[in-house]
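Structure record follows, encoded as structure tokens.
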Amino acid sequence: MRILLTGASGFIGRNLNAALIAAGHEVIAASRSTGVDFRQMLTVNDWLPHLSGIDAVINSVGIIGECGSQRFDVLHTHAPAALFRACEQAGVRRVLQISALGADASAFSPYHLSKKAADDCLRSLDLDWFVLRPSLIYGRGGGSAELFMRLAALPMIPVIGDGQQKLQPVHIGDVVATALHALVAPESRQTLDIVGTETISFADWLKKMREVQGRRPTPLLRVPFGIAMACARLGRYFHPILQPDNLRMLKAGYWADPAPVEKFLGRPLQCSAPPLFFADATTFGSAS
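Numbering (the numbering used here), first residue to last: 251 to 538.
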């Protein structure tokens with residue numbers, strides 16, 4: 251297949267690009283580095299020239315926090331909606347949207363709401379669509395995973411409150427495998443939550459990250475939510491993930507049943523074995 255992949259330079263996009271090429275697909279990578287700036291791709295006509303000869307589209311553009319001209323409404327909603335409508339007009343039937351767990355009726359953050367708006371647009375169109383909603387993704391090269399690894403390596407592990415916020419981390423290899431299967435699956439028009447089989451607390455997740463780095467156990471540093479929010483208001487200027495809304499989303503917690511995506515893949519999702527923390531999608535099979 252000849253596939254237009256947007257966001258090809260991001261964590262998910264890079265892994266998708268490598269896996270698609272390894273599977274024999276021709277990938278047309280669309281990102282700022284290839285001259286496609288999502289901030290300027292806001293109409294159907296902007297996208298139509300890029301869809302000539304394309305068999306499928308995967309949108310993996312995403313930001314975890316706004317910075318400068320990188321805005322949720324533009325990158326998560328307006329540009330993808332224009333792309334999806336252009337696909338309908340150009341006759342590109344198979345379209346995959348990489349969304350996020352929590353982009354549903356419970357959404358309250360600008361991040362989730364902007365993702366949901368694009369998801370809803372895609373679901374309204376006459377296309378063979380998939381909306382894929384991963385939970386927290388880990389694996390080599392992931393920005394959030396690398397930040398959490400650094401936090402886990404500190405002399406004391408900082409957690410919010412009691413650190414019992416629930417997570418269902420999923421490896422980038424399982425996310426990529428789901429996307430590749432969605433390209434050829436006969437039954438389309440599906441929304442799939444891609445979540446790990448383990449439900450683990452934030453504190454235990456950081457402890458596990460410390461363990462896989464070969465470090466000795468260390469006490470938790472419990473940071474009250476109000477103080478964590480104050481730190482995030484300052485920290486957002488130093489790292490995009492350190493946003494107050496991201497703490498609110500962590501506090502809310504998101505979970506889903508892994509059974510539907512396991513049925514879709516025809517196999518169990520991977521448990522978080524130590525080698526997977528240092529594996530990307532291309533080395534996923536040998537590390538699992």
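C-beta atoms are modelled at their ideal positions from N, C-alpha and C, and glycine is treated no differently.
Serine 522 and proline 419 do touch by the CB rule: their CB atoms are close to 6 Å apart, below 8 Å.
By the C-beta criterion, the region 314 to 329 is judged not to be in contact with the region 460 to 467, since fewer than 3 inter-stretch pairs fall below 8 Å. Counting along the chain, phenylalanine 380 sits inside the beta strand (DSSP E) bounded by residues 378 to 384. When C-alpha distances from aspartate 495 are compared across Ser310, Leu442, Cys481, the shortest belongs to Cys481.
Collapsing the DSSP output to three states places cysteine 317 in a strand. By the CB criterion at 7 Å, glycine 257 and valine 311 fall inside the cutoff.
Glutamate 338 and threonine 293 have their alpha carbons spaced roughly 13 Å apart. Counting the other Cβ atoms within 10 Å of the Cβ of serine 356 gives fewer than 16, which makes it exposed.
In this structure, the alpha-carbon of glycine 274 lies about 30 Å from that of asparagine 295. A residue is called buried once 16 or more other Cβ atoms fall within 10 Å of its Cβ, and leucine 471, having fewer, is exposed. In the structure shown, serine 451 falls within a strand segment according to DSSP collapsed to helix, strand and coil. The region 523 to 532 makes no contact with the region 434 to 441, as fewer than three CB pairs between them are under 8 Å. Under the three-state reduction of DSSP, tyrosine 504 is assigned to coil, being neither helix nor strand. Counted as a single uninterrupted DSSP element, the beta strand (DSSP E) harbouring leucine 346 occupies residues 344 to 348. For a cut-off of 8 Å, the C-beta gap from leucine 500 to glutamine 415 is around 5 Å, short enough to register as a contact. From the listed residues Leu519, Val345, Leu382, Arg400, the smallest Cα separation to lysine 458 is found for Arg400. Taken atom to atom, the span from the alpha-carbon of methionine 406 to that of threonine 468 is near 6 Å.
A distance of 7 Å or more separates the beta carbons of phenylalanine 452 and leucine 397.
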